[in-house]
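Input: a single structure, listed below in structure tokens.
In my numbering, the protein residues as written are 10 to 165.
Okay, here's the thing in structure tokens:
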């Protein structure tokens with residue numbers, strides 16, 4: 010599998026400059042960073058959460074985990090992780106465990122952690138376990154212009 014078609018079409022429709030990079034198959038964020046020679050602070054991972062107001066895709070550094078209690082406080086609602094079945098239903102063209110942070114391509118709200126703001130570029134799964142997308146800082150910010158943001162991740 011290569012880049013998820015939904016994401017590829019979204020990036021092209023947004024007229025965004027991006028780079029697609031291949032790497033040896035890796036499933037965990039730490040292995041992806043190692044295989045790709047990318048800092049974990051610049052490798053974004055996506056986490057799908059659900060609450061009373063629906064689903065959100067969280068975008069956090071791969072070296073962190075989402076603090077759901079902080080998010081629940083910020084959004085004033087109870088939040089939890091989506092199930093694998095819900096992820097498959099919403100991201101049908103992504104392999105399990107290779108969720109893209111571009112939730113807006115799938116009609117979902119996105120919330121990014123502000124710790125990503127100062128990175129020169131951001132890397133993330135392209136929908137499989139062998140491909141990354143690289144966006145420059147400016148392009149990442151442009152795509153996230155309408156996304157919610159805050160500080161809600163903690164280093165592992």
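Glycine included, every Cβ here is placed at the ideal spot set by N, Cα and C.
Since this is a predicted model, take the numbers as computed values, not measurements.
Tell whether a beta-carbon distance below 8 Å holds between residue i and residue j.
i	j	result
residue 54	residue 71	yes
residue 66	residue 117	yes
residue 47	residue 110	no
residue 169	residue 75	As displayed, the chain neither begins before 10 nor continues past 165, which places residue 169 out of reach and without an answer.
residue 15	residue 114	yes
residue 73	residue 163	yes
residue 59	residue 91	yes
residue 105	residue 93	yes
For the candidate residues the options, whose alpha-carbon lies nearest to that of residue i?
i	options	result
residue 35	151, 148, 162, 134	134
residue 147	14, 25, 45	25
residue 119	45, 130, 37, 63	63
residue 33	45, 23, 22	45
residue 127	13, 149, 106, 112	149
residue 123	50, 20, 21, 105	50
Per DSSP, which residues does residue i bridge with? Please list them.
i	result
residue 74	163
residue 55	68
residue 131	144
residue 90	58
residue 157	120
residue 30	141
Can you give the beta carbon distance from residue i to residue j, rounded, assuming they're within the 8 Å contact cut?
i	j	result
residue 121	residue 153	5 Å
residue 30	residue 143	6 Å
task: Would you check if the region 138 to 145 and the region 86 to 99 touch, i.e. whether three or more CB-CB distances between them fall below 8 Å?
output: no
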